[in-house]
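Novice:
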Amino acid sequence: MEVKLEAEEGGNLLFSAAVGAASAAAGLLAAKAHPALPPLAMALAIYPEYLLALKEGRNWSAAARALAWALGATVAVIAATAYFGEGVGRLVLNGPEYKEEMFKWIKTGVGAEGDPRLFVKPKLVELAVFSLLSAVSAGFLGLLLGAYLLNYMNYYVGCLFIHAKPGYTLTVALAGWPVYAVIRVVGYVCLGTVLSTPLAAKLLKAKFSGRSLRRQLTVAAAAIILDFILKATVANAVYQPILKKALGL
15 MEVKLEAEEG
25 GNLLFSAAVG
35 AASAAAGLLA
45 AKAHPALPPL
55 AMALAIYPEY
65 LLALKEGRNW
75 SAAARALAWA
85 LGATVAVIAA
95 TAYFGEGVGR
105 LVLNGPEYKE
115 EMFKWIKTGV
125 GAEGDPRLFV
135 KPKLVELAVF
145 SLLSAVSAGF
155 LGLLLGAYLL
165 NYMNYYVGCL
175 FIHAKPGYTL
185 TVALAGWPVY
195 AVIRVVGYVC
205 LGTVLSTPLA
215 AKLLKAKFSG
225 RSLRRQLTVA
235 AAAIILDFIL
245 KATVANAVYQ
255 PILKKALGL
């Protein structure tokens, strides 16, 4: 029975990843009408799955499905950017602006990416907004904001592949998404899931394990704190010189 349940959950995660990839691709096509459509399409696509897991009281499963969705969307947007070129930025909210900011940081080492004086306050505001949106919408608006943040990050990473020197594709693949950013996504997803549960419990009559929610909140807090620490210490010391060499800036 346990093996069957594990296999079923594995299938659900593959489906969630496919939903992420397909909705991101469809969203980019729809963005020709309005660039706000990609994150909306992505959030609408995954939310029924996410909500179903919450309705069943499975907060860890909801988070896992959201992470699989994010992974699928990441692959799709990076691949689309690398294949079709920087013009994809017209379809991604804040994409070109973020790419320019990050390329400037890679070239000079100056910028918010590795400077706590510049990134701590905006990140705390972002975290507060994400938390509020997740709590008041049973997670939907948190997923919407998450899709927006993912898309411009992935557009930037796709541009790294475009500009990578010959022989440095693997370097970009490994360093484009820094480990602290990956940890941040895990932290945000776990936090958003925990904050989704009160409204889900009220509207869907869902029942959650208090112990499980406390553990998930602990994971979220640890991941978010670790993100801040690593961003402040290894962004400039490790990632900036690696990417500068990979791009020849």
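Numbering (this note's numbering) for the sequence shown: 15 to 263. No residue lacks a Cβ here, since even glycine has one placed at the ideal position from N, Cα and C.
(1) For the putative contact between residue 4 and residue 195, defined by C-beta atoms under 8 angstroms, what is the C-beta separation to the nearest angstrom?
(2) Cβ atoms of residue 31 and residue 56: under 8 angstroms apart, would you say?
(3) Exposed or buried, which one is residue 223 when buried takes at least 16 other CB atoms within 10 Å?
(4) Taking all protein chains shown into account, do 16 or more other C-beta atoms lie within 10 angstroms of the C-beta of residue 104, making it buried, or fewer, making it exposed?
(5) Quick check: what's the CA-CA separation for residue 124 versus residue 118?
(6) Should residue 113 go down as buried or exposed, given a rule of 16 or more other Cβ atoms within 10 Å for buried?
(7) Can you tell me whether residue 241 is helix, strand or coil according to DSSP?
(8) Roughly how many whole angstroms lie between the Cα atoms of residue 68 and residue 148?
(9) Quick one: Cα of residue 85 to Cα of residue 48, how far?
(10) Measure the C-alpha to C-alpha separation of residue 174 and residue 164 and round it to an integer number of angstroms.
(11) Name the two residues that bound the continuous alpha helix (DSSP H) containing residue 119.
(12) Is the region 177-189 close to the region 207-226, with three or more CB pairs under 8 angstroms?
(13) Starting from the Cα of residue 197, find the closest Cα among 161, 241 and 260 and give me that residue.
Specialist: Checking against the coordinates, here is how it stands:
(1) Nothing about residue 4 can be reported from this structure: the residues present for the chain run from 15 to 263 only.
(2) no
(3) exposed
(4) exposed
(5) 7 angstroms
(6) buried
(7) helix
(8) 13 angstroms
(9) 24 angstroms
(10) 15 angstroms
(11) 109-122
(12) no
(13) 241
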